[in-house]
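Colleague: Got a structure here, written out as structure tokens. Questions coming.
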Amino acid sequence: MALQRPKGTQDHLPDGSPKLSRDVQASAFAFVQDTARRVLERAGAQFIGTPLFEEAELVRRGVGGSTDIVRKEMFTVYYFGDHGGYVLRPEGTASIVRAYLQNGLKQLPAPLKLWTHGPMFRAENVQKGRLRQFHQVDYEVLGSTDPLVDAEAIWLMWAVVRELGLTGVRVKLGSIGDPEDREAYNSYLRELFTPHEGRLSDDSKDRLTRNPMRILDSKSAEDQALIRELNVNPMLDFLGEAARAHFAAVQAHLTAWGVPFDLDPSIVRGLDYYRRTAWELHHTQVGAKSALGGGGRYDGLAAQLGGPEVPGIGWAFGIERLLLALEAEGVALPGQAGPLLFLAALDEENVGLAARLALQGRAVARVEFAYRALKPGNAFKEADRRRARYAAVIGSNEAARGVLNVKNLASGEQREVPLEALKTFLEQAELEQA
RNA sequence: GUGGGUUUAGCUCAGUUGGUUAGAGCGCCGCUCUGUGGAAGCGGAGGCCGUGGGUUCAAAUCCCAUAAUCCACCCCA
Numbered sequence: 001m002a003l004q005r006p007k008g009t010q011d012h013l014p015d016g017s018p019k020l021s022r023d024v025q026a027s028a029f030a031f032v033q034d035t036a037r038r039v040l041e042r043a044g045a046q047f048i049g050t051p052l053f054e055e056a057e058l059v060r061r062g063v064g065g066s067t068d069i070v071r072k073e074m075f076t077v078y079y080f081g082d083h084g085g086y087v088l089r090p091e092g093t094a095s096i097v098r099a100y101l102q103n104g105l106k107q108l109p110a111p112l113k114l115w116t117h118g119p120m121f122r123a124e125n126v127q128k129g130r131l132r133q134f135h136q137v138d139y140e141v142l143g144s145t146d147p148l149v150d151a152e153a154i155w156l157m158w159a160v161v162r163e164l165g166l167t168g169v170r171v172k173l174g175s176i177g178d179p180e181d182r183e184a185y186n187s188y189l190r191e192l193f194t195p196h197e198g199r200l201s202d203d204s205k206d207r208l209t210r211n212p213m214r215i216l217d218s219k220s221a222e223d224q225a226l227i228r229e230l231n232v233n234p235m236l237d238f239l240g241e242a243a244r245a246h247f248a249a250v251q252a253h254l255t256a257w258g259v260p261f262d263l264d265p266s267i268v269r270g271l272d273y274y275r276r277t278a279w280e281l282h283h284t285q286v287g288a289k290s291a292l293g294g295g296g297r298y299d300g301l302a303a304q305l306g307g308p309e310v311p312g313i314g315w316a317f318g319i320e321r322l323l324l325a326l327e328a329e330g331v332a333l334p335g336q337a338g339p340l341l342f343l344a345a346l347d348e349e350n351v352g353l354a355a356r357l358a359l360q361g362r363a364v365a366r367v368e369f370a371y372r373a374l375k376p377g378n379a380f381k382e383a384d385r386r387r388a389r390y391a392a393v394i395g396s397n398e399a400a401r402g403v404l405n406v407k408n409l410a411s412g413e414q415r416e417v418p419l420e421a422l423k424t425f426l427e428q429a430e431l432e433q434a
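Those letters in the first sequence? Residues 1 to 434, per the UniProt record's numbering, in order.
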């Protein structure tokens, strides 16, 4: 078959579709989205929508020119007639901050909590948990430097994970300090490693110039041996007074609220705009791509984009990563619901009547109908296959007496319902369901 | 960008040292079934053997390329 979806993308398919291991069950995806929405809206977050593509320059300045995302993972949108220079968004924060600045949202009561969800695009090589189009849930808070906001943001991620039913999740927490702290630490690392550059892996030689902090979580055994040997001081030792106090406060809140976390000095956010608090949520059973999501504070981003100083903090979950974790833990997800009632005529004369009754019933609930006459056996079989709660048949007997023959498919109980009482019946049935 | 594996029906897979018309199970459709669902039996549809070259009298099978996919590195969600 020549039909082939683009590399690194997935289809979202109805329940019961074959081959779901490679694609996504739409109802599972919706479950994750709905859960996140519920948690975030209870916290007062408001939805914000932004375009899927943005000016390349916005992303370059927002995400950072030295990051892999900008260096080699951006999809350029070439042809829009009157304008080039757009890229498909690789993450959500730059767009949201742009929208905040452009639309004067600074007028709204601060701190402003925003959330969004949608596809992100990166020109990656594909592997498990890494796609070219993937989906994130984003939460951003603008207009506060309070460590309580940091702690609440982390708590919200934890709450989403809990409500999803995941248990094997760890919070890794760190602080990368203020820019001058990070600068000092990077200088320290460069001075420390440069004399031993010959012993570093090729990747880490590159990291030495680009981002020395990355050397610390290298997977190379030689690198790790060298790190132990040199007795490297952690980033946390280099925090300035303000960043240190901020970080202590975040930890105190989390501890008080019972959110477990592991201090991890090797947390290095890949995006340039982060400062101070940085964290990731990891899962123990999802292979090499164990990060379910991560976040951090980005107080300098708004100014970097050319706006006024607006402090911010945010996080993103990868929905596909969460689905992998749910699958790994065997969490049972609610499937797509069936109709409350499936209506079928037993003879051709009543097909139109059955359809009309179904359409009327839709004022109350989800009602489906058969498009041609069915034998009784097939009528109930169809209703069952559609996972209906009730099946109703109408043949010449019923039509003559103005009733429907309604069967509860779970209990097998069967009774007649007058046509004019169908609405009442549906209302009651729906109440029972809830 | 790098390394390795895989690719045959909608799905999961067989397919002998290269040999005539490529099979199974599940699923799908129909019938048994003109008044009662999940079952069973019978029947049916469905294949450019990922794609393009090559070797050969002959290729699903051997060789090369390419694509997709999976696993990992890098990096990240």
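Heads up, the beta-carbon is just placed ideally off N, CA and C, and yes, glycines get one too. None of the values given here were measured: they were computed from a predicted structure.
Does the segment 46 to 65 come close enough to the segment 87 to 94 to have 3 or more Cβ pairs within less than 8 Å?
Modeller: Flag = yes, the segment 46 to 65 and the segment 87 to 94 touch.
Colleague: Kindly indicate which residue of L357, A373, F317 has the alpha-carbon position closest to the one of E349.
Modeller: Indexing the first sequence from 1 puts residue 349 at position 349. Checked all of L357, A373, F317; the closest Cα to E349 is A373.
Colleague: Does K381 pass the burial test, meaning 16 or more other C-beta atoms within 10 Å, or should it be called exposed?
Modeller: As a position in the first sequence, residue 381 is number 381, starting the count at 1. Its Cβ having fewer than 16 others within 10 Å, K381 is exposed.
Colleague: To the nearest angstrom, how far is the alpha carbon of M1 from that of K7?
Modeller: Counted from its first residue, the first sequence places residue 1 at position 1. Counted from its first residue, the first sequence places residue 7 at position 7. The predicted model places M1 with a pLDDT of 37, which falls under 50 and marks its position as unreliable; any figure quoted below should be read in that light. When rounded, the distance between both Cα atoms is 15 Å.
Colleague: In three-state terms, what does DSSP make of D23?
Modeller: Numbered from 1 along the first sequence, position 23 holds the residue referred to as residue 23. Correct three-state label for D23: coil.
Colleague: Which residue from P18, G44, W158 puts its Cα closest to that of L281?
Modeller: Within the first sequence, numbered from 1, the residue matching residue 281 stands at position 281. Selected option, being the one with the closest Cα: W158.
Colleague: What does a CB cutoff of less than 8 Å around K423 pick up in its chain, not counting 5 residues either side in sequence?
Modeller: Residue numbering aside, residue 423 sits at position 423 when the first sequence is read from its first letter. The answer, listed in chain order, is Q360, G361, A363, V364.
Colleague: If I'm right that P111 touches V137 with Cβ under 8 Å, what's the distance once you round it to whole angstroms?
Modeller: Numbered from its first residue, the first sequence carries residue 111 at position 111. Numbered from its first residue, the first sequence carries residue 137 at position 137. No, P111 and V137 are not in contact; Cβ-Cβ is about 19 Å, not under 8 Å.
Colleague: Between A429 and T167, what straight-line distance do the alpha-carbon atoms span, to the nearest angstrom?
Modeller: Position 429 of the first sequence, counted from the start, is the residue given in the question as residue 429. Position 167 of the first sequence, counted from the start, is the residue given in the question as residue 167. Near 35 Å, if we compare the C-alpha coordinates of T167 and A429.
Colleague: When you compare each of D384, A291, L156, A379 to R130 by their alpha carbons, which one comes out closest?
Modeller: The sequence position of residue 130 within the first sequence is 130, counting from 1. Per the Cα distances, A291.
Colleague: Give the secondary structure of A45 by DSSP, where H, G and I count as helix, E and B as strand, and everything else as coil.
Modeller: What you label residue 45 is simply residue 45 of the first sequence in a count that begins at 1. Coil, per DSSP.
Colleague: Quick check on the burial criterion: 16 or more other C-beta atoms within 10 angstroms. Buried or exposed for W115?
Modeller: Residue 115 sits at position 115 when you count from the first residue of the first sequence. Buried, since its Cβ has 16 or more Cβ neighbours within 10 Å.
Colleague: What does the alpha-carbon distance come out to for the pair residue 435 and G377?
Modeller: Here the chain comprises residues numbered 1 to 434, so residue 435 is not present and cannot be evaluated.
Colleague: Is the distance from the Cβ of W257 to the Cβ of K172 below 9 Å?
Modeller: For the purposes of this step, residue 257 is identified with residue 257 of the first sequence, where counting begins at 1. For the purposes of this step, residue 172 is identified with residue 172 of the first sequence, where counting begins at 1. Taking 9 Å as the Cβ cut-off, W257 and K172 do not qualify as a contacting pair.
Colleague: Using only the alpha-carbon positions, how far apart do Y188 and R321 sit?
Modeller: Taking the first residue of the first sequence as position 1, residue 188 is located at position 188. Taking the first residue of the first sequence as position 1, residue 321 is located at position 321. Whole-angstrom Cα-Cα distance: 35 Å.
Colleague: Which class does F75 belong to by DSSP, given the choice of helix, strand or coil?
Modeller: Numbered from 1 along the first sequence, position 75 holds the residue referred to as residue 75. The answer is coil: DSSP assigns F75 none of H, G, I, E or B.
Colleague: Just how far apart, CA to CA, sit E416 and R387?
Modeller: Along the first sequence, read from residue 1 onward, the residue named residue 416 stands at position 416. Along the first sequence, read from residue 1 onward, the residue named residue 387 stands at position 387. Their backbone Cα atoms lie some 21 Å apart in a straight line.
Colleague: Which partner residues does Q127 have in the DSSP bridge list?
Modeller: On the first sequence, position 127 is the one that residue 127 refers to. For Q127, which the question treats as bridged, DSSP gives the partners R130.
Colleague: What I want to know is whether the C-beta of G338 ends up closer than 8 Å to one or more non-hydrogen atoms of the ligand SAH.
Modeller: Here there are no bound small molecules, and the ligand SAH is not part of this structure.
Colleague: What would DSSP say about V87, mapped onto helix, strand or coil?
Modeller: Here residue 87 corresponds to residue number 87 of the first sequence, with the count starting at 1. Residue state, collapsed to three classes: strand.
Colleague: Would you report the Cα separation of V59 and V87, rounded to the nearest angstrom?
Modeller: Mapped onto the first sequence, residue 59 falls at position 59. Mapped onto the first sequence, residue 87 falls at position 87. In a straight line, the C-alpha of V59 is about 8 Å away from that of V87.
Colleague: Given R122, which residues of its chain have a CB within under 7 Å of its CB, disregarding the five upstream and five downstream residues?
Modeller: Residue mapping note: residue 122 aligns to position 122 of the first sequence, counting from 1. Cβ neighbours of R122 beyond the five flanking positions: I69, E73, P90, R132.
Colleague: Tell me which same chain residues have a C-beta within less than 7 Å of the C-beta of P14, skipping the five on either side of it?
Modeller: As a working note, residue 14 is residue 14 in the first sequence. These residues qualify, in order along the chain: A26, Q336.
Colleague: May I have the straight-line CA-CA distance separating S204 from Y139, to the nearest angstrom?
Modeller: As a position in the first sequence, residue 204 is number 204, starting the count at 1. As a position in the first sequence, residue 139 is number 139, starting the count at 1. Roughly 33 Å between the two C-alpha positions.
Colleague: State the start and end residues of the unbroken beta strand (DSSP E) segment that holds E54.
Modeller: In the first sequence, residue 54 corresponds to position 54, counting from 1. Segment 53 to 55, the beta strand (DSSP E) holding E54.
Colleague: Between Q406 and A344, which are expected to be in contact by the criterion C-beta below 8 Å, what is the C-beta distance as a whole number of angstroms?
Modeller: Within the first sequence, residue 406 is the residue found at index 406, counting from 1. Within the first sequence, residue 344 is the residue found at index 344, counting from 1. Per the sequence shown, the amino acid found at residue 406 is Val instead of Gln. V406 to A344, Cβ: 11 Å. No contact.
Colleague: According to DSSP, is K172 part of a helix, a strand, or is it coil?
Modeller: Taking the first residue of the first sequence as position 1, residue 172 is located at position 172. The answer is strand: DSSP assigns K172 an E or B state.
Colleague: What do you get for F206, buried or exposed, if any count of 16 or more other CB atoms within 10 angstroms of its CB means buried?
Modeller: Locating residue 206 in the first sequence gives position 206, where the first residue counts as 1. The amino acid occupying residue 206 in the given sequence is Asp; Phe does not appear at that position. By the 10 Å Cβ count, D206 comes out exposed.
Colleague: Mind pulling the beta strand (DSSP E) runs of 3 or more residues that sit fully within the segment 286 to 344?
Modeller: Qualifying beta strand (DSSP E) stretches, in chain order: 291 to 297, 312 to 318.
Colleague: Quick one: using the 10 Å Cβ neighbour count with 16 as the cut-off for buried, is V426 buried or exposed?
Modeller: Working through the first sequence from its first residue, we reach residue 426 at position 426. Here the sequence assigns Leu to residue 426, which means Val is not the residue at that position. By the neighbour-count rule (16 or more Cβ atoms within 10 Å), L426 is buried.
Colleague: Do you know whose CA, among R199, Y274, I176, R162, lies nearest V259's CA?
Modeller: By one-based count along the first sequence, residue 259 stands at place 259. For the residues R199, Y274, I176, R162, the minimum Cα distance to V259 belongs to R162.
Colleague: In whole angstroms, give me the CA-to-CA distance for R61 and A302.
Modeller: The residue labelled residue 61 in the question sits at position 61 within the first sequence. The residue labelled residue 302 in the question sits at position 302 within the first sequence. So the alpha carbons of these two residues sit roughly 10 Å apart.
Colleague: Of the choices H135, G293, L101, G174, whose alpha-carbon is the least far from that of G306?
Modeller: Start at 1 with the first residue of the first sequence, and residue 306 comes out as number 306. Checked all of H135, G293, L101, G174; the closest Cα to G306 is L101.
Colleague: Closest by CA to V310, which one among L409, F193, T145?
Modeller: Locating residue 310 in the first sequence gives position 310, counting from the first residue. Of the listed residues, the one whose Cα sits closest to V310 is T145.
Colleague: Determine the DSSP secondary structure at R37, reduced to helix, strand or coil.
Modeller: Indexing the first sequence from 1 puts residue 37 at position 37. DSSP places R37 in helix when its eight states are reduced to three.
Colleague: With the cut-off set at 9 Å, would you say L192 and V232 are in Cβ contact?
Modeller: Here residue 192 corresponds to residue number 192 of the first sequence, with the count starting at 1. Here residue 232 corresponds to residue number 232 of the first sequence, with the count starting at 1. For L192 and V232, yes; Cβs fall inside 9 Å.
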